[in-house]
Every structure is written in C-alpha cells, then in structure tokens.
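Trainee:
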Ligand SMILES: [Zn+2]
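Numbering (the working numbering), first residue to last: 8 to 428.
1) Opposite residue 409 in the DSSP bridges: which residues?
2) Which of the three DSSP states is assigned to residue 286 in this structure?
3) Consult DSSP for residue 157 and reduce its assignment to one of helix, strand or coil.
4) With DSSP as the reference, label residue 125 as helix, strand or coil.
5) So the alpha helix (DSSP H) residue 52 belongs to, where does it begin and stop?
6) Can you tell me where the beta strand (DSSP E) with residue 30 in it begins and where it stops?
7) Taking all protein chains shown into account, decide if residue 42 is buried (16 or more other Cβ within 10 angstroms of its Cβ) or exposed.
8) Which one or two residues does DSSP pair with residue 261 in a beta bridge?
9) Please report whether the beta-carbon of residue 230 lies at a distance below 7 Å from any beta-carbon of chain C.
10) Using alpha carbons as the reference points, say which of 257, 134, 129 and 150 lies closest to residue 141.
11) Consider the C-beta atom of residue 326 and the heavy atoms of ligand 1; say whether any pair is separated by less than 6 Å.
12) Can residue 411 and residue 392 be called in contact, C-beta distance under 7 Å?
13) Just tell me which of 148, 196 and 54 has its CA closest to the CA of residue 166.
14) Pick from 202, 59, 394 and 262: whose alpha carbon is nearest that of residue 17?
15) Does the pairing of the region 248 to 262 with the region 211 to 221 give three or more beta-carbon distances under 8 Å?
16) Taking the alpha carbon of residue 116 as the point to measure from, which residue in 280, 12 and 340 has its own alpha carbon closest?
17) Could you tell me the alpha carbon to alpha carbon distance between residue 151 and residue 61, rounded to whole angstroms?
18) Using alpha carbons as the reference points, say which of 357, 13 and 365 lies closest to residue 323.
19) Looking only at C-alpha atoms, which of 79, 229, 146 and 70 sits nearest to residue 86?
20) Pull up the distance between the alpha-carbon of residue 162 and that of residue 226, whole angstroms please.
21) Rounded to whole angstroms, what is the Cα-Cα separation between residue 372 and residue 283?
22) Can you give me the start and stop residues for the beta strand (DSSP E) that residue 248 sits inside?
23) Would you please state the rounded distance, in angstroms, between the beta carbons of residue 186 and residue 164? I believe it to be under 8 Å.
24) Mind listing, in chain order, the continuous alpha helix (DSSP H) runs of no fewer than 4 residues lying wholly within the region 158 to 220?
25) Return the Cβ separation of residue 405 and residue 119 in integer angstroms, given the expectation that the two are a contact with Cβ distance under 8 Å.
26) Name the DSSP beta bridge partners of residue 62, please?
27) Specify whether the region 204 to 213 and the region 270 to 288 touch according to this definition: at least 3 beta carbon pairs, one from each stretch, less than 8 Å apart.
28) Which value, in whole angstroms, describes the spacing of the CA atoms of residue 262 and residue 422?
29) Where do the ends of the alpha helix (DSSP H) carrying residue 118 lie?
30) Got a sec? Which residues, its chain only, sit under 6 Å from residue 293 by beta carbon, not counting five neighbours each side?
31) Counting Cβ pairs closer than 8 Å, one from the region 99 to 118 and one from the region 62 to 82, do we hit at least three?
32) Write down the C-beta distance between residue 33 and residue 300 rounded to the nearest angstrom, noting that I regard them as a contact closer than 8 Å.
33) Is the beta carbon of residue 260 closer than 7 Å to that of residue 288?
34) Assuming residue 451 contacts residue 13 under a Cβ cut-off of 8 Å, what Cβ separation, rounded to an integer in Å, is found between them?
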C-alpha cells in the first residue's frame, strides 16, 4: 500500500499518459498504467503534471499589508523613495502577531496557486531589528510540511549608511536566515548618489564570511541611456563574484537598467553575467518604471530573452504582493508568467514553454533545491493543472486542480462554468 497514486497525467517530456507512485513524501515510480493499492488516488484524466512552482523572490514579511477591502492604490504612485517612506511608516505598526497572520494568509494563497517553495526576503535593520526574522523563522517551522521556505536577510535601510548595524546581518544569518540580501539603491554617498559599490562590497563580504549565497537587488532604476559597462551595477556585481570565486551562488534581481544599455554594452554585460554564473530574477518591473516618460514610455523589464539565449539561468517571481510597493499579485506564477510573456515578447510555443520552466526548474536552481522535479527519488512536490500543455497553462490561465507537497494533497481547486445556450 502506497500513500498516493496519480494516474493519467501528461508532461512536456512524455509522449503518452503516465502514472506516478508516491510514498513517504517521495516519488517512488513513474511509469505507464501502474497498479498499486494506494491510500489516495488522483485520476488526472490527461492533465498536465508539473513540479511545484517556486517563488524565487518575494517580500513575505510585508506582503498583504495594504489596508482596506478594495485592492489598488489609494494615492497615485510616488517615487520609489516615496513608497519606501510609506512602508517605513506602516511597518512601525507591525506586531509579531500581525506579521505571522499575514504570512499565514500569504502561504495559504501561495499553496492554493501551486507554490511549494519560496525564497522570502526579510527586513533586518535598526528599526525592526530581528523582529521580522523571528516571525519568519517561526513560520518556517509551523509550515514546514506545507512550504519550503528560504529566508534572505534584506537590508531595508542599507548596509553602509549605518555600519554599526552590520552585526545584525551576521546575527540574523547565525540565527537561521539562509541567504545574504542586498539592495544596491539603499545606500547613499555624500553627494546623494547611490553608493552601490560600497553596498555590494559589504554584502559580498558578509556572504563570503558567513558562507551563504547572496541575493541582490541590482540596477533597479532606468537611466535614459547606458553607454558604458561601469554604469551597470550588475556588471560590478559579476566582477565581485568572479573575484571572490562565488560563481553560481549569487542571484541578481530586477536588472532593469540593462534595458537602457546600448546593444553592444548590453551584449558585453550579458557575457559578464554568464561568466559570473549569476542567476537573474525578473520581477514585475513592467509595472514600476518609466512612469515619468512623456512619450514612448519605457517599462524597464530586463532583457529576458537575450539573457536566456546566452544560457543564463533566468527566473521570474512575484516580488511584492499587495503591499505599499505593489497593490497587485496573488503569489500566482501562472498569472505573473502571462504578464512576462506580454512584456518580454515571448509568444512562440518554445518561449511559452520556457516561461513555465523559469518558475519551476530555473527558480529551483536558484534556491538550490535538491530532489526537485518529476523524477523517481525526488520529493513529491507537484501540481496538476487543468490543461494538457505548459503553453495552455499560461494562455488559458489554467486552474491548479491539485497541489501536492511531500506527497500530501494540500489544495484542490475547480473552475466552474455553465453555458445556458
Ligand atoms: Zn525585492
């Protein structure tokens, strides 16, 4: 008797329907027409089976913190710094109970949408100290059988503005946080410009000393034009990574300014990113940038297709969900994937298939998930979608009929339609 038998599912790597036997949280056999006694049986009826979605970049501690019942922004979008001020005011009201309540709702929403692993950014700074981290660590434990949670220490108030606080990041990493974070725009030099080099130097130094991966927000802005490589923070990060021998252990989020780079500069930058084996996470940047453009409004999405074509590991993620920085989002990577398809001009059958890989296999690589994917011996973290192909999943926004974590069915969803003609 096994725990779970999934029958009659399909995937982009199988020509015929197949079955999956799951026992003790692990995929034990994948074959056609399996005959096992099982505690539970799911008949997929030809549906698409995917490994669980992976949110590779999400600000879980501030998610769902917008007040009011109507989603959307009450006031027009201010500058990025204006939004940070709003966030600063709001998070002063946060209590551990309130943070845990929101994280609980967020994880439930993510599970409902087929997410089985998340890399969560967590504020650590002199205002909140380790308060958010303590709650996230609790949530990691409480929901250990529902969500694989990885915690990134996010320096919301910078790293070099307040050097006496650097001990906080080390303490956070020694107390259970998994990954060092960075946000290159959060430290200012004396003349008011962004002191991104000092910031990235410090973040890299801490990551190397603590022997953890680094997950950096870089090139979040959208300058009018980039004529030389030294203007790109991602290129500086790539150089640091090579210098420190940290290839494969560093992720660059956003990378929006690459969109402003002259083609020859962009090409060289992409070669550097590849050499440093940086992972890149594109986020809902279409939404954020180019708001002041008076004509030909740019949107600031990074060069997704060119990065992929260069062989770089690229994923996308929700980043901010219903918080002061973005009022949209549902932790739904099928929804975010369709937005990306529009924004990045990814519409061929191959490209649409790539998008689903970006939020499953590619994102899992960023988190370093072992035993991930539809293969015997791997963890049974799976999602069944109400469609037959990854392309259809995106375009029809297919429902996730079953969400399975370590062999347990955590959610079922059904879309109901009736036409009366
Ligand atoms: Zn972020």
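Backbone N, C-alpha and C define an ideal beta-carbon position, used for all residues, glycine too.
Mentor: On the basis of the data shown:
1) 391 and 419
2) strand
3) strand
4) strand
5) Careful: residue 52 lies outside any alpha helix (DSSP H), inside the beta strand (DSSP E) at 45 to 58.
6) 25 to 30
7) exposed
8) 225
9) You won't find chain C in this structure, because it holds only one protein chain.
10) 129
11) yes
12) no
13) 196
14) 394
15) yes
16) 340
17) 15 Å
18) 365
19) 229
20) 16 Å
21) 15 Å
22) Looking at the DSSP string, residue 248 is not in any beta strand (DSSP E); the run it does join, the alpha helix (DSSP H), is 240 to 251.
23) That belief does not hold up - the Cβ atoms of residue 186 and residue 164 are roughly 18 Å apart, past 8 Å.
24) 173 to 181 and 203 to 217
25) Not confirmed; about 14 Å, so no contact.
26) 125
27) no
28) 36 Å
29) 103 to 119
30) 306, 308 and 350
31) yes
32) No, residue 33 and residue 300 are not in contact; Cβ-Cβ is about 51 Å, not under 8 Å.
33) yes
34) Only positions 8 to 428 of the chain appear in this structure, which leaves residue 451 out of reach.
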